Every structure is written in structure tokens, then in C-alpha cells.
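Read the structure below first, then the notes.
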Amino acid sequence: MSASSPSAFAVASLPKSHPTAFSLAPDAEETAALAEALELLALRKLSFKGELKAAGKSEWLLTARLGATVVQPCSVTLAPVTTRIDEVVTRRFLPVLPEAQTEEGEIEMPEDETLEQLGSHINPAEVMAEALALALPLYPRADGAEMQVSAVTEPGRQAMTDEDAKPLANLADLLAARRNKDDETPDRD
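Okay, so the sequence shown: first residue is 550 according to this note's numbering, each after it adds one.
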């Protein structure tokens, strides 16, 4: 979905006096390509409707509603999990992004996650794909799916558990034992 995409708007051609509406409903081929890129089992009812409008002298504001039904593999069982996504998406396109460098020279993420660099075109299809990727559940779970605990070790040895792996897990027991020992020791005053 490049600047030459039918859904891309040339910034120089956008009217500043009123919003420009758009409505995207990708065809089956585009939807299948996006589903494959996002590693989805299925993608249905994908739509992105909104408007682009001038916001100040050289800034542009895109607001839209993203709708989609996605099917992902369960993160535990790999069974299909269906999720409905309905989100409001906002992007502010600026000719120059605010400086994200600290005094120490480190680069930090800007606090405003809606900021984008303004180029010669604004492509709602690219914003739609990005917004969909960000809206997907990271670890979808089928109803009733639970993580199973497996413990593998050498024969004759006790397997290490999650509790054993926590470095401070036994600290409370050690402190309690020490207090008990101190309580049993007579004072030498």
C-alpha cells in the first residue's frame, strides 16, 4: 500500500476548508494478504471509515473507526479464537516531529503515540493495517484454555518448579527461622 495506492491522498490536493471523508473495505485479495502478513487464521468484515482534515497551518488529522473480525490461534491450545475489534483511530501528521532526544543523548519514544511524519501523501490503508496490528490480542485464549505445567528432569532427581526459580521465594521462611532462633537464644545482658 504505497503512495500510489488508490486510497492515498496527495497532501497538496487536500482541501483545508473542509474534511475529506474516506471509507475503506478491502476486497477479498487485499484482506487475505493482510491476514497472511499478520499471521491470522482469518480476517472478516474489515472496514475503516473516517476523515482527514487540516489541523493548523501544516498539520493534518486523521480520525476513523476500525472494524474487523479476526481469528487467531489460541496461545495455549492453537484452537481458533475469534475476536471482534471496534476502535477509534487517530493520527496527527506533522511536517516535523518533536525532538525525542533527552539531554543525555538518548532517544525516547514520544509520549503522543498518534504522531506521524507528514510526507507527500497520507495513506489511510497503511494507517488501517497498522491500527489493526496494534489492536490484535497479543495472547488470545480459547474459552477454558489453561497453561499446563510440565516438569522435566533427570531420572532420580526432583524437577525444578516455578517456585524454585524465584530467587527470593524462600526469604520469608529464612527470616522467620532466624527470628525463631533469636527468640530461643537467651539475652546476654
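Positions of the beta carbon are idealized from the N, C-alpha and C atoms, including for glycine. No experiment lies behind these values; they were computed from the predicted model shown.
Quick check on residue i: buried or exposed, where buried means 16 or more other Cβ atoms within 10 Å of its Cβ?
| i | result |
| --- | --- |
| VAL619 | buried |
| GLN707 | exposed |
| ALA726 | exposed |
| PRO575 | buried |
| SER553 | Low confidence applies to SER553: its pLDDT is 46, below 50, so where it sits in the model is not reliable enough to give any reading. |
| GLY677 | The sequence shown places Met at residue 677, not Gly. Under this definition MET677 is a buried residue. |
| GLN666 | exposed |
| VAL701 | exposed |
| VAL645 | exposed |
Indicate the three-state DSSP secondary structure (helix, strand or coil) for residue i in the structure shown.
| i | result |
| --- | --- |
| LYS730 | helix |
| LEU592 | strand |
| SER572 | strand |
| ALA617 | strand |
| SER553 | No answer about SER553 holds up, because its pLDDT of 46 lies below 50 and its placement is not dependable. |
| LEU683 | helix |
| LEU583 | helix |
| GLU648 | coil |
Rounded to the nearest angstrom, how far is the Cβ of residue i from that of residue j, given a contact under 8 Å?
| i | j | result |
| --- | --- | --- |
| ALA613 | VAL638 | 5 Å |
| LEU590 | THR580 | Incorrect: roughly 13 Å between the Cβ atoms, too far for contact. |
| ALA682 | LEU587 | 6 Å |
| GLU636 | ALA680 | 7 Å |
| PHE597 | LEU583 | With a Cβ gap of about 11 Å, PHE597 and LEU583 do not count as contacting. |
Which residues in the same chain as residue i place their Cβ atom closer than 7 Å to its Cβ, once the five residues preceding and following it in sequence are excluded?
| i | result |
| --- | --- |
| SER761 | The question about residue 761 has no answer here: the residues shown for the chain are numbered 550 through 738. |
| PRO568 | GLU600, LEU601 and LYS602 |
Can you list, in chain order, the residues of its chain whose CB lies under 6 Å from that of residue i, leaving out five sequence neighbours each side?
| i | result |
| --- | --- |
| LEU610 | LYS602, ALA604 and ARG641 |
| ALA694 | CYS623, VAL625 and THR626 |
DSSP has residue i in a bridge; who is on the other side?
| i | result |
| --- | --- |
| THR639 | THR612 |
| THR631 | VAL620 |
Grab me the residues of residue i's own chain with a C-beta within less than 8 Å of its C-beta, minus the 5 sequence neighbours each way, in chain order.
| i | result |
| --- | --- |
| LYS730 | none |
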